[in-house]
Amino acid sequence: MTTDEIEDVQNLSMYLDVNGKRMQTGSTKTMIFSAYHIVHYLSQFMTLFPEM
75 MTTDEIEDVQ NLSMYLDVNG KRMQTGSTKT MIFSAYHIVH YLSQFMTLFP
125 EM
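In short: position in the sequence shown from 1, add 74, done, that's the numbering used here.
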């Protein structure tokens, strides 16, 4: 998925499935750190590639 396909990065649904069972659901809207902050932080010590 590319950034132009995302309407609002601060309002994305996410979930965690373990062995086919839904264990957790959430939204980027309720995270402590924004998605922008997390990408910025990770880019300090990781090389981030587009469209991977």
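Every residue, glycine too, gets a C-beta built ideally from N, C-alpha and C. Because the structure is a prediction, the values reported are computed rather than measured.
Could you check which residue in the options has the C-alpha nearest to that of residue i?
i	options	result
Gln84	Ile106, Lys95, Arg96, Val92	Ile106
Thr102	Gly94, Glu81, Asn93	Glu81
Thr104	Val92, Gln118, Phe119, Met88	Met88
Leu86	Arg96, Ser117, Gly100, Lys95	Gly100
May I ask which residues mark the beginning and end of the beta strand (DSSP E) holding residue i?
i	result
Leu90	87-92
Met97	95-101
Taking the straight line between their C-alpha atoms, what separation do you get for residue i and residue j?
i	j	result
Glu125	Gln98	25 angstroms
Asp78	Asn93	32 angstroms
Ala109	Thr121	17 angstroms
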